[in-house]
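So for the sequence shown, this note's numbering puts the first residue at 1345; every next one is plus one. Glycine is no exception: its CB is placed at the ideal position from the N, C-alpha and C atoms.
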Amino acid sequence: MIKIEPILTFRKVLILSALLMIGSSLTMAQPGRETKSGMKQLIDEQFSFAAKQYKVLAKTVPANVMPRYYDPKKNKLVTSSTKWWCSGFFPGTLLYIYEYTKDTGILNEAKNRLAILEKEKHFKGNHDLGFMMFCSFGNAYRILKNPAYKNTLDTSAASLATRYRPSIKAIQSWDSDESLACPVIIDNMMNLELLSWVSDHGGNPRYREIAVTHANTTITNHFRPDYSSYHVIDYDLKTGKVLKKVTAQGASDSSAWSRGQGWGLYGYTMMYRFTKDKHYLNQAKNIARFILSNPNMPADMIPYWDFNAPGIPNVPRDASSGALMASALLELGQYAGKAEQKTYVAAAEKMLRSLSSDAYRARLGENGGFLLMHSTGSFPVKSEVDVPLTYADYYFLEALSRYKKWYL
Ligand code: GLY
C-alpha cells in the first residue's frame, strides 16, 4: 500500500525536483513522441475538415464537369471539362478522404465523378493522361479493387504510350505549334507512374520501358548543374536534337519554377519506387537538396511561385508546390538513410503544419469549398494567381496520408 505523506521535507523537495528535471530532459531528448501525437491530431483534424468542406464544394459543381479553381475576388467557382489536365484530382481527393474517414457520401461523389471521367481513357491530345487517370482511377483501384478501374488504367496507359517518340527517346507533352516543334515538359515525369504501374500489374512491359527511357532522357536534358530543372525542352523530331530550353510557366527560361522542381522531385522518387535504380534515387536527393537549401525558400517552407521570381518576398506563394514537395519528400524519406530521412520528414512536416495553419487552410464554407488557399497556376499569363487549386488539395491530403502510413 502506498503511504501518502502530507508534507514534503525540504530534502525530499530537492530530490523530487532533480527527478523532474531528469524526466523532462529525457522528454526533450525524444521530440519524436510529442511530434507524433501532434501530427496524428493534425491529420485527423484535416481529414475530418476535408470531408465537410468537400461536401460544400461538391454541391456547387455541376454533374458533368470538374472543379478547377475558385476566384476569391469574384466569389466564383471555375469548372473544367474532363479533358483538362486536372480532371483526376477531384475524384482522387474524394478517394483520399473516403479512405481516411469511410464517409459513404464522399465515396458516392467520387464514383459519380469517376463515371464522367472514364471516357478520357481514349484521350491522346497531350501527355496529361497520367495525372488525369492515375490520380483518380489509380486510387480508386487501390482502395476499392474494382477490376473495371484496372481496365480503365490499362487503356489509359495504351493511349499515353501513343505519344512516345522514339527519335527523341521521350513522350511528347504538347502538340507542336508555331513556337515549339516537339515540347517535353518536366511535369511529364508524373505521367510515368501510370505507365510503370500498368506494366507492373500485368500490362504491356513496353510502357515501363517507355517510362524508363523518358526518365533517362529527362535527366540528360532537363537538369542544370545545380539540379534545378528547365520547364520545357523543345526537340527536333527528325534528328532527336534539343532545339531550345525554355519556360512556359516560370519567371524566365533560366529560373526554377517551383512546381516544376516539385514535379521532378516526385517523379524521380516515384521512378526509384518502381525500378530501384540508384540513379533515380540520387537524382531525387539532389533535387531535394536544391529545394531545401534554396536561399529563397521562405521560413514557412511554402515556396514562392518561382524560386527566382523577381520581387521576392513580395510575390505570390504556390501552396500546390508545398503540398507536392511534402508528399514527395515523405516518400523519399522511405528510401533514405536515417539522417537524410530525418531531414526530409522534418521539412515535409514543416510544410504540412504551415498548410494546415490559418495562413493557408480555409475555413469551413469559405474558399469555394476548397481546402487550401494561395496557389499559383500560371503567373506569366496571369492565370490562377493566388487561388485555391484542385491539385494543391490532392497532394496535401496525399502527403498527410503518407505521413500517417509511414511515420506515425
Ligand atoms: N502540369 C501543369 C502545371 O503544373 O501547372
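Next on the checklist: What does the alpha-carbon distance come out to for the pair Q1627 and I1563?
Outcome noted: 8 Å
Checklist entry - Pick from L1696, A1680, P1654 and A1683: whose alpha carbon is nearest that of A1667? => result L1696
Item to check | Under 5 Å, CB to nearest heavy atom of ligand 1: contacting residues | outcome: D1531 and R1603
Checklist entry - Where P1491 and N1548 are concerned, what is the direct C-alpha to C-alpha distance, given to the nearest angstrom? => result 17 Å
Item to check | K1384 versus S1520: straight-line alpha-carbon distance, rounded | outcome: 48 Å
Checklist entry - DSSP three-state call for A1632: helix, strand or coil? => result helix
Checklist entry - What residue ranges within the stretch 1572-1651 form continuous beta strand (DSSP E) runs of no fewer than 3 residues, ordered along the chain? => result 1576-1579 and 1586-1590
Checklist entry - Which residue from S1664, M1410 and Y1493 puts its Cα closest to that of E1742? => result S1664
Checklist entry - Tell me the DSSP bridge mates of A1514? => result R1509
Checklist entry - Taking C-alpha atoms, which residue in L1386, K1589 and W1601 lies nearest to S1722? => result W1601
Checklist entry - Hey, is the stretch 1525-1533 in contact with the stretch 1571-1585, meaning 3+ C-beta pairs nearer than 8 Å? => result yes
Item to check | Residues that DSSP places opposite V1731 in a beta bridge | outcome: S1719
Next on the checklist: Cutting at 6 Å between CB atoms, please list the residues of its own chain near Q1516, excluding the five before and the five after it.
Outcome noted: R1507, R1509 and C1526
Checklist entry - Just curious, the alpha helix (DSSP H) that R1457 is in, first and last residue? => result T1448 to L1461
Checklist entry - Which residues does DSSP pair with V1689 in a beta bridge? => result Per DSSP, none; premise fails for V1689.
Checklist entry - Taking the C-alpha atoms as reference points, what is the distance between K1661 and D1644? => result What sits at residue 1661 in the sequence shown is Arg, not Lys. Taking the straight line joining both Cα atoms gives about 11 Å.
Checklist entry - Shortest alpha-carbon distance to P1411 belongs to which of G1436, Y1624 and G1382? => result G1436
Checklist entry - Is the number of C-beta pairs between the stretch 1589-1601 and the stretch 1636-1656 that are closer than 8 Å three or more? => result yes
Item to check | Limits of the unbroken alpha helix (DSSP H) element including P1660 | outcome: Note, P1660: premise wrong, no alpha helix (DSSP H); not H, not E.
Item to check | Range covered by the alpha helix (DSSP H) that runs through S1540 | outcome: L1536 to D1544
Item to check | Burial state of I1348 (16 or more Cβ within 10 Å) | outcome: For I1348, the predicted model reports a pLDDT of 37, less than 50, meaning its position is unreliable; a value from the coordinates is still stated below. When all chains shown are included, I1348 counts as exposed.
Item to check | Residue interval of the alpha helix (DSSP H) (run including Y1440) | outcome: F1433 to T1445
Item to check | Cβ-Cβ distance between M1669 and G1606 below 8 Å | outcome: yes
Checklist entry - Should the stretch 1538-1554 be regarded as contacting the stretch 1488-1504, the criterion being three or more beta carbon pairs within less than 8 Å? => result yes
Checklist entry - Can you name, in chain order, every residue of its own chain whose Cβ lies under 6 Å from the Cβ of G1604, other than the five neighbours on each side? => result I1530, S1573 and H1575
Item to check | Residues that V1422 bridges to, as DSSP identifies them | outcome: Y1413
Next on the checklist: In whole angstroms, give me the CA-to-CA distance for A1692 and K1513.
Outcome noted: 33 Å
Checklist entry - Based on Cα-Cα distance, which residue from V1729, G1677 and C1430 lies nearest to R1617? => result G1677
Checklist entry - How is the beta strand (DSSP E) around V1528 delimited, first residue to last? => result P1527 to I1529
Next on the checklist: When you compare the CB positions of Y1688 and R1633, do they come within less than 8 Å of one another, or not?
Outcome noted: no
Item to check | Residue burial classification, G1681 (beta-carbon count within 10 angstroms, cutoff 16) | outcome: exposed
Next on the checklist: Rounding to the nearest angstrom, what Cα-Cα distance links N1711 and V1586 in this structure?
Outcome noted: 42 Å
Checklist entry - Cβ atoms of S1700 and L1401: under 8 Å apart, would you say? => result no
Checklist entry - Can you tell me where the alpha helix (DSSP H) with L1524 in it begins and where it stops? => result Taken as a continuous stretch (DSSP letters only), L1524 belongs to no alpha helix (DSSP H), as it is neither H nor E.
Checklist entry - Quick one, are the C-beta atoms of P1724 and Y1413 less than 8 Å apart? => result no
Checklist entry - Residue range of the alpha helix (DSSP H) that E1553 falls in? => result P1549 to H1566
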